[in-house]
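Residue numbers (this note's numbering): 100 to 379.
For each residue, glycine too, the CB sits at the ideal point set by N, CA and C.
Just so it is clear, the structure is predicted and the values come from calculations on it, not from any experiment.
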Amino acid sequence: MNVSEMAWLPAIGFGTADLAGPAERIVLEAISAGHRLIDTARVYGSEEGVGLAAEEAVRRGIVRREELFLETKLAPDRHGYHEALRDFEEALERMRTDYLDMFMLHWPVARGSEDDYREKNVAAWQALTELKEKGKARHIGVCNFLERHLLQLTDAGLPLPEVNQLELHPGFQQRGLVRFCRERGMAIEAWSPMGRGILKTPQFEAVAARYGKDVGQLALRWSIQKGFVPLTRSSDPEHIAHNLEIFDFEIGPQDTEALDALNTNTDHQDIWSYKRQQMY
Ligand SMILES: NC(=O)c1ccc[n+]([C@@H]2O[C@H](COP(=O)([O-])OP(=O)(O)OC[C@H]3O[C@@H](n4cnc5c(N)ncnc54)[C@H](OP(=O)(O)O)[C@@H]3O)[C@@H](O)[C@H]2O)c1
100 MNVSEMAWLP
110 AIGFGTADLA
120 GPAERIVLEA
130 ISAGHRLIDT
140 ARVYGSEEGV
150 GLAAEEAVRR
160 GIVRREELFL
170 ETKLAPDRHG
180 YHEALRDFEE
190 ALERMRTDYL
200 DMFMLHWPVA
210 RGSEDDYREK
220 NVAAWQALTE
230 LKEKGKARHI
240 GVCNFLERHL
250 LQLTDAGLPL
260 PEVNQLELHP
270 GFQQRGLVRF
280 CRERGMAIEA
290 WSPMGRGILK
300 TPQFEAVAAR
310 YGKDVGQLAL
320 RWSIQKGFVP
330 LTRSSDPEHI
340 AHNLEIFDFE
350 IGPQDTEALD
360 ALNTNTDHQD
370 IWSYKRQQMY
């Protein structure tokens, strides 16, 4: 149940954006409930809390370190070879571990690097491939990379990332990019899988209820059936537990079609929007 199409990657993850303060308590709750993949990033401010929670979970005998899959991301303004290596070492310290299960580039085009982002991405990616070769990062990936950003890495003679972590939910399906990654053997993690509230309608509440589930679980199940690894975030213990109860039902073809039809390919349009990334 807890393995994605890629046997090394858990089938679902727990995200920690906006959880900086309470991260330790909430991540410990998530690990106790059964989560194994924990996603953080320097910019979330939750790496320390994730590290403390992982350490405490191991100390209490809830998991062994090797059963956890801890992933964090290079800060977008630190792309560059030496910056990436330094950021990685600092992340290990903050997360109280001597290896990471996955280290990722967070966004392809950081503010202020519009002119030289290609060179910076290639240099940072070179550093990540070396961290993988040394076994310090067991896996390496990227987030929010569009086709051309991925091809810029291979054009420089570097391997493709193992994972692309993308905003993906029924309202924003990025089908072309997903196909491109799939065809090249990349695994796909889905951020904001809950769809930013678009399923909170009487129609989808009724669909979820037919399966004995809530709309959050329906959104996560849709993501799993698309072959994604959804990253869910919650500070509510009941949601944390419920969000793991998605492996005992299957969304039927008609309901899948109704969910698929919600695609407007509209992202959330903040400063890190895909619209902005598409300009470079
Ligand atoms: N790489 C990137 O650029 C990037 C960008 C954004 C996010 N991410 C990662 O992806 C993770 C997930 O994205 P997200 O934080 O937007 O998460 P999300 O899981 O799509 O949305 C979180 C919201 O959903 C609510 N929720 C959770 N379970 C629910 C349920 N069963 N029923 C109803 N509501 C529920 C939560 O409220 P409660 O607390 O009340 O449960 C919270 O308000 C992030 O935490 C982060 O790790 C990555």
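For P292, the CB falls within less than 7 Å of some heavy atom of ligand 1.
Around the beta carbon of A289, a 10 Å sphere encloses 16 or more other beta carbons of the protein chains shown; the residue is thus reported as buried. Listed as beta-bridge partners of E170 by DSSP are D138 and M201.
The C-alpha of P329 is placed about 8 Å away from the C-alpha of S291. Within the same chain, N243, Q273, A289, W290, S291, D366, H367 and Y373 come within 8 Å of E266 by CB-CB distance, once the 5 residues on both sides are set aside.
One Cα belongs to T363, the other to V126, and the distance between them is close to 33 Å. Closer than 7 Å to some heavy atom of ligand 1: that describes the Cβ of R332. Contact annotation, A209 with P175: C-beta distance approximately 4 Å; criterion of less than 8 Å satisfied.
Straight-line spacing of the CA atoms in L199 and P336 works out to 26 Å.
Two segments are said to touch when three or more pairs of C-beta atoms, one from each, lie closer than 8 Å; by this definition the segment 313 to 322 does not touch the segment 102 to 109.
I239 sits close to K231, with the two beta carbons spaced by under 8 Å. Between ligand 1 and the CB of Q264, the shortest heavy atom gap is smaller than 7 Å.
Linking D254 to Q324 through their CA atoms gives a straight-line distance of about 32 Å. For T331 against I130, the beta-carbon gap comes to about 14 Å, at or over 8 Å, which does not count as contact. For the pair of segments examined, the segment 188 to 199 was found to touch the segment 143 to 163: the number of CB pairs separated by less than 8 Å reaches three. Under DSSP, A286 forms a beta bridge with V262. Sixteen is the threshold: when 16 or more other Cβ atoms of the shown chains lie within 10 Å of the Cβ of Q316, as they do, the residue is buried. For I287 and D214, the gap between their C-alpha atoms comes out near 28 Å.
M203 is positioned such that its CB atom lies closer than 8 Å to that of L173. Counting the other CB atoms within 10 Å of its CB gives P352 a total below 16, which places it among the exposed residues. Approximately 6 Å separates the beta-carbon atoms of R283 and L259; this is inside 8 Å, confirming the contact.
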